[in-house]
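In the numbering used here, the protein residues as written are 1 to 223.
Input: a single structure, listed below in structure tokens.
This is how it looks when you write it as structure tokens:
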């Protein structure tokens, strides 16, 4: 069991997407999506430059991976069983607008079409480089009310690009015990109120996520 932790610069509710009773990580974080396995944990921590203030030692979400699908398999899965994850840009339901099943493989296995959603063509290379979609029915999503890490788990957090995994080895069991003691909630994303403006949402999300994932391949082993 591996614990992956990273700094979630801004939380829009798209990556991770905690809606429809399954938390999914399908866009952004390509390195984690490629290598993480069923049974591993993924934890998104806040940024010191968040609009909420310095929340770098607070957990925005945590998910135990219970299913891993290729991007193409995820597209088929959503079409048949998880239609809420397919983005509907015209919907007034925020959950549908930030759907993460952005890539449509119905016409091509190698070159999927991009559905209108929170990402645009500038994000395609990074998104598709991840190859896989991570799904979880065992997750916590605190959103704009992140949960403060206890002192004995502060080493899993960091404010730089990239992610931690090997450096978290000695903290994995402690983290699982701690997070599983918390009440499960589905919070509201930090950026929801700003991104309800459909005119600005797509470009803002695309740019933020592009910047945040430019150094995703870095594995951070020191605080």
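In this text, a Cβ means the ideal position worked out from N, Cα and C, and glycines have one as well.
On a predicted model such as this, the values are computed, not experimentally measured, just so you know.
For residue i, I'd like the list of residues in its chain whose CB is within less than 6 Å of its CB, leaving aside the five on either flank, ordered along the chain.
| i | result |
| --- | --- |
| residue 251 | With the chain represented from 1 up to 223, any question about residue 251 goes unanswered, as that position is not in the structure. |
| residue 95 | 19 |
| residue 189 | 11, 12, 13 and 143 |
| residue 91 | 97 |
For the putative contact between residue i and residue j, defined by C-beta atoms under 8 Å, what is the C-beta separation to the nearest angstrom?
| i | j | result |
| --- | --- | --- |
| residue 128 | residue 71 | 7 Å |
| residue 8 | residue 134 | Not really, about 15 Å apart at Cβ, beyond 8 Å. |
| residue 132 | residue 81 | Actually they do not touch by this definition, with Cβ atoms about 18 Å apart. |
| residue 3 | residue 175 | 6 Å |
| residue 65 | residue 42 | 7 Å |
Quick one: Cα of residue i to Cα of residue j, how far?
| i | j | result |
| --- | --- | --- |
| residue 144 | residue 104 | 31 Å |
| residue 100 | residue 87 | 7 Å |
| residue 140 | residue 62 | 5 Å |
| residue 32 | residue 130 | 8 Å |
| residue 108 | residue 178 | 44 Å |
| residue 126 | residue 29 | 8 Å |
| residue 157 | residue 85 | 29 Å |
| residue 116 | residue 191 | 19 Å |
| residue 89 | residue 83 | 14 Å |
| residue 53 | residue 34 | 31 Å |
Here's a check: name, in chain order, each residue in its chain whose Cβ is nearer than 7 Å to the Cβ of residue i, leaving out the five neighbours to either side.
| i | result |
| --- | --- |
| residue 14 | 27, 98, 100, 118 and 205 |
| residue 44 | 6, 8, 16, 60 and 61 |
| residue 77 | 69 |
Spatial neighbours of residue i within its chain, please: C-beta separation below 8 Å, excluding the five flanking residues on both sides.
| i | result |
| --- | --- |
| residue 182 | 140 and 147 |
| residue 222 | Confidence in residue 222 is poor, its pLDDT being 45 and thus under 50, which makes the residue's placement unreliable; the coordinate value appears in the next sentence. Cβ within range, chain order: 167. |
| residue 112 | 71, 72, 75, 103, 104, 105 and 128 |
Say the cut is 8 Å; is the CB of residue i nearer than that to a heavy atom of the ligand FAD?
| i | result |
| --- | --- |
| residue 79 | This structure lacks the ligand FAD; in fact it carries no ligand of any kind. |
Worksheet entry | Segment contact, 8 Å Cβ cut-off, at least three pairs: the stretch 149–168 with the stretch 116–125 | no
Worksheet item: Hey, which unbroken runs of the beta strand (DSSP E) at 3 residues or more fall wholly within the stretch 120–168?
Response: 132–136 and 138–141
Practice prompt. Note down, one range per segment and in chain order, each beta strand (DSSP E) of at least 3 residues found wholly within the stretch 48–116.
Written response: 58–64 and 67–70
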